[in-house]
Amino acid sequence: MQVPVGKVIWFTGLSGSGKSTLAVMLKEELERKCLAVALLDGDILRQGLNRDLGFSGIDRAENIRRAAEVAKILSDSDYLVICAFITPFHSIRKAVRGLFVNDEYVEVFLDCPLEICEQRDPKGLYSQARKGEVPEFTGVSSPFELPESPDLIIPTSSLSCQESLDRIIEYLERRFPEARPNHPRIPCALRRSRPKMAIIGLDSAPPSMVFGRYDLPNLRTLMEHGRWGKLRSTDPPITVPAWTTMTTGRDPGELGLYGFRNRLSHDYDHLSTVNRTHVTVPRVWDYLENAGNYTITLGVPQTYPPRPHNGVTVADFLAPDVRSGITYPPELAAELDRMADGPYMLDVKDFRSGDKKQLLDDIYAMVNRRFKVAEELIKRRRWDFFMMVEIGLDRMHHAFWGHCTPGHKDYVPGNPFEHALSDFYKYLDHCVGRLLMFLDDDTTVMVISDHGVKSATGGFCINEWLIRNEWLNLLEYPESEVPLTPDMVDWSRTKAWSEGGYYARVFMNVKGREPQGIIEPDQYESCRNRLSETLSDFHDDSGASIRNVVLKPGEIYRDCRNVPPDLMVYFDDLALRSIGTVGSGSIVRNGNTRGMDSANHDYYGIYIQTRLSDLRRGITRDTLTENISCLDITPTILDEFGLAVPEGLGGKAIKREGIYLDRTRKSQASEGAGERERTYRHAGFTSEEEAVVVQRLKDLGYL
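Structure below.
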């Protein structure tokens, strides 16, 4: 039995946005394909059926009601009904949609700015409205409320009529393949030769918040129509290297990236701040571009300095500032403020010491502007793969967690920021939902986070502990709390010292390896084991046991490039952050000279993946996917594009049912670094830029 083809395609948009023109073109195109088509145009109906109606709010609603009822009758008779009406209000659009079941109705928003519509003004109506000759004219004397959830958005200000029609036909061919018995189905002439994928990164989003605690309808809808689960972060669970692992399929040891600052050699003072040039293996977009795809990355960590490539880059918060060449192509930087509808922000300032209300306003502004840039890039630029990372959620967690979490030592009932996190999650969900409006049915959407979040109870002064236990000796103990620097250390009597922010990286002073090493090489392993055991079996001054997790890089990574730490330590299973300063005299503390976060990172982030064609057809999957990690993200992306996972990557592609796919199939992904990459002028940070970034990382608590 064939399924009836009756559908309604409802064009909404300002006068002059192209509704009538595209409706006629679409009707002609569908009729050439031997489909039964009816066209309902607002101007034509007002000359006949609705000639008794004016332009008051009541009459406008009645005009649309009658048109919708006629469209319903025609669609029930198996016609494809094309409707072209301004339909300016949410309430009216909602009422129209309510007449039809989900798979009978398509709302197409013709997105064209008022100034462009007014320039076109084919009927002279805007001119008359400006003179007061046309009362209640939409866009001039009456509002047009932007559609909240159209099925398709066509930016008619930047696309030709034919390009707009092509997108509509392509969408309809995918959305409604069925036809009446005596009509052929819509041909696949415009079908895409490859899929699209859009990744939305929400830095530090935890499963407990996204999957359970808050009412997040857009993220919940993606889960219901796709697969989802907890995503195991890297060790350490921190922005860098976690995002870089997700975009390479390599663990931190293989990358040689153990945090934001890494030793360049075994000297005591050669630390380098991470940027794109420190990633020496292909990232997922390198594979995709080499296969002929176009990519957009927005705010993805370790993309500064941007590289020349087939697409667009807007760099991340690790760039020194917005004036430092953060985009590719370079000229895009001049457009960011316009696209963002305000000054584009890489990150927020005064993260710990600033006024909380101002910080909250700044985070909202930053997120709003970044999503506006994302919308503009998606609408205006060519792309097959889009990825953005929003850092604002991480800043909210670190700054407001204690204000919002009953039972936390910083929580005060009724405080002015008690609902800051729940409100922000709902806002972020709204931003995600709006972004989905700009994506076609053939897009696979992935929402991921690099790590989770948990309550922080204070900090562990690792270098103070090393001093107290005679692993670290200073030439002179400071009178006040200061960062540990190499010139303060008596290296002739020091066996170990530590770097790091949220977790500790402990380095040992080995003879023949460090310039003034004192640990004999044949004693290194026993010495390291003794230090590890002592740190693991720690009791505070009250005698209470604190569960410190001590890791050896060589045991958790497949390889250890560059200069790895000898030990990595999570204090109290990440409930305490690492404090590297000296001079306080204390080991376990509630704060340090820069203040103390009320939240720290946790081991699990989130993973959600949905094909929008499934969502918009109402296909429910809601598949819980288990045992997945950051290493699986790059293989999964490559699989979506029909590329085999290159040998040597640590993860596997997650298939639709939530199990793993065999990597030995499909066309082979090629690294394809490209000559442009090798000859591009940017080679990393200047010394001045690095100083700016280092200070920002200190302010953020990463160092």
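To convert, note that position 651 of the sequence shown is 660 in our numbering; the numbers rise steadily by one, no gaps. Just so you know, even glycine gets a beta-carbon here, dropped at the ideal spot from N, CA and C.
Coarse secondary structure for residue i, derived from DSSP in three states
| i | result |
| --- | --- |
| G27 | coil |
| F20 | strand |
| G15 | coil |
| A553 | coil |
| T282 | strand |
| F433 | helix |
| T452 | strand |
| V421 | coil |
| W506 | strand |
| S587 | strand |
| Q525 | coil |
| Q311 | coil |
| T494 | coil |
| A47 | strand |
| G238 | strand |
| K42 | coil |
| T632 | strand |
Residue i versus residue j: straight-line alpha-carbon distance, rounded
| i | j | result |
| --- | --- | --- |
| E263 | Q367 | 41 Å |
| F469 | D496 | 23 Å |
| G683 | E340 | At G683 the pLDDT is 41, less than 50, meaning the model places this residue with poor confidence and gives no usable figure here. |
| L633 | Q618 | 11 Å |
| Y512 | Y612 | 12 Å |
| M605 | P422 | 20 Å |
| G265 | L576 | 15 Å |
| V567 | L168 | A small correction: the amino acid at residue 567 is Arg; Val does not occupy that position in the sequence shown. Distance between the alpha carbons of R567 and L168 is about 49 Å. |
| E71 | H318 | 52 Å |
| T282 | F220 | 34 Å |
| L621 | M446 | 10 Å |
| W410 | S464 | 7 Å |
| P524 | L540 | 21 Å |
| K520 | G210 | 44 Å |
| D450 | I178 | 12 Å |
| V149 | Y337 | 38 Å |
| F394 | S100 | 35 Å |
| S274 | D346 | 41 Å |
| C413 | L544 | 32 Å |
| E145 | E154 | 14 Å |
| F64 | Y135 | 15 Å |
| Y669 | I637 | Reliability fails at Y669, whose pLDDT of 36 lies under 50, so the model's placement of it is uncertain and the value that follows must be treated cautiously. Rounded to whole angstroms, Y669 to I637 spans 9 Å at the Cα level. |
| V578 | G22 | 57 Å |
| A342 | P655 | 34 Å |
| G442 | S158 | 8 Å |
Whole-Å CB distance - residue i paired with residue j, under 8 Å assumed
| i | j | result |
| --- | --- | --- |
| L325 | P310 | Correcting the residue identity first, residue 325 is Asp in this sequence and not Leu. Between P310 and D325 the Cβ distance is about 5 Å, and since that is below 8 Å, they are a contact. |
| L119 | F20 | 6 Å |
| G509 | S587 | 5 Å |
| L161 | V117 | 5 Å |
| L307 | R229 | So it is not a contact: roughly 24 Å between Cβ atoms. |
| G589 | S507 | 6 Å |
| G660 | T643 | 7 Å |
| E38 | L123 | Incorrect: roughly 28 Å between the Cβ atoms, too far for contact. |
| E233 | T629 | 6 Å |
| A608 | H406 | 5 Å |
| Y303 | P574 | 39 Å between Cβ atoms; not a contact. |
| A505 | V515 | 6 Å |
Close-in-space but distant-in-sequence residues of the same chain around residue i (CB under 7 Å, 5 per side omitted)
| i | result |
| --- | --- |
| D112 | R626, G627 |
| T248 | D212, P310, D459 |
| S595 | C470, E473 |
| P204 | D451, T453, E649, F650 |
| K28 | F20, G22, A93, L119 |
Own chain residues within Cβ distance below 8 Å of residue i, not counting five before or after
| i | result |
| --- | --- |
| S84 | G15, K16, V17, V90, F109, E113 |
| K381 | M348, A349, D350 |
| L585 | A465, T466, G467, G468, F469, I555, V597, N609 |
Chain C within 7 Å of residue i, Cβ atoms only
| i | result |
| --- | --- |
| R404 | Here chain C cannot be found, since the structure has a single protein chain. |
Spatial neighbours of residue i in its chain, beta-carbon cut-off 6 Å, leaving aside the 5 residues before and after
| i | result |
| --- | --- |
| G592 | P487, S489, E490, V491 |
| G107 | none |
| V290 | T257, R259 |
| E384 | F447 |
| S26 | L119, C121, C126, T165 |
Three or more C-beta pairs below 8 Å linking the segment 427-435 and the segment 549-561: Under the 8 Å Cβ criterion, the segment 427-435 does not count as touching the segment 549-561, having fewer than three qualifying pairs.
If contact is defined by three or more beta carbon pairs under 8 Å, each pair taking one atom from either stretch, is the segment 377-390 in contact with the segment 289-298? Contact between the segment 289-298 and the segment 377-390 is absent, because fewer than three Cβ pairs lie under 8 Å.
Quick check: the segment 302-322 against the segment 234-253, are there 3 or more CB pairs under 8 Å? Flag = yes, the segment 302-322 and the segment 234-253 touch.
Report yes or no: do the segment 229-239 and the segment 525-540 share at least 3 C-beta pairs separated by less than 8 Å? The segment 229-239 vs the segment 525-540: no contact.
Report yes or no: do the segment 239-248 and the segment 475-482 share at least 3 C-beta pairs separated by less than 8 Å? Touching, no, given that fewer than three Cβ pairs across the two stretches are closer than 8 Å.
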